[in-house]
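Peer 1: Residue numbers (the working numbering): 27 to 119.
Ideal placement from N, C-alpha and C gives every residue a C-beta, glycine not left out.
Computed from a predicted structure; not experimentally measured.
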Amino acid sequence: MTYMNYLVKVLSTKQPVEVTLKKQSYNLQEDLELLLELSSYATITSKSFEEITAKKRPNRTSESLKSRYSDYLSKIGETEMKKIVQWVEREGV
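(1) Skipping 5 residues on each side, what residues in its chain have a beta carbon closer than 7 Å to that of Val45?
(2) Where Ser65 and Lys108 are concerned, what is the direct C-alpha to C-alpha distance, given to the nearest angstrom?
(3) If we count the other Cβ atoms within 10 Å of its Cβ and call it buried at 16 or more, is Gln55 buried or exposed?
(4) Are there 16 or more other CB atoms within 10 angstroms of the CB of Ser90, so buried, or fewer, so exposed?
(5) Here's the rule I'm using: 16 or more other beta-carbon atoms within 10 Å means buried, otherwise exposed. How should Lys116 be labelled?
(6) Arg86 lies in the alpha helix (DSSP H); which residues open and close that run?
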């Protein structure tokens, strides 16, 4: 099973995370939702983040999503994905 297939499986039963504070920290579910959404783009651009924002999953601004991706999520590699899968299997999202 690919990581993207795994994300689809894990996230399919989850409700979107409710963001109640302006500077609320991201949680793992939101990060995984963003990675899943971005996986459908051949090239990630500012417009990609605007389109994801319109879907409201994760429910953040396009600027916030873009920042989260460029600062953290773009650096996730095979080793980190394995750790994420292990954690999700053990703890759940």
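Peer 2: Reading off the structure:
(1) As a first step, residue 45 is located in the sequence shown; it is residue number 19 there, counting from the start. The answer, listed in chain order, is Asn85 and Arg86.
(2) Taking the sequence shown and counting its residues from 1, the one referred to as residue 65 is at position 39. Taking the sequence shown and counting its residues from 1, the one referred to as residue 108 is at position 82. Approximately 17 Å, taken between the alpha carbons.
(3) Taking the first residue of the sequence shown as position 1, residue 55 is located at position 29. By the 10 Å Cβ count, Gln55 comes out buried.
(4) The sequence position of residue 90 within the sequence shown is 64, counting from 1. Classification of Ser90: buried, given that the 10 Å Cβ count is 16 or more.
(5) Within the sequence shown, residue 116 is the residue found at index 90, counting from 1. The amino acid occupying residue 116 in the given sequence is Arg; Lys does not appear at that position. Label assigned to Arg116: exposed.
(6) Position 60 of the sequence shown, counting from 1, holds the residue named residue 86. First-last for Arg86: undefined, no H or E at that position.
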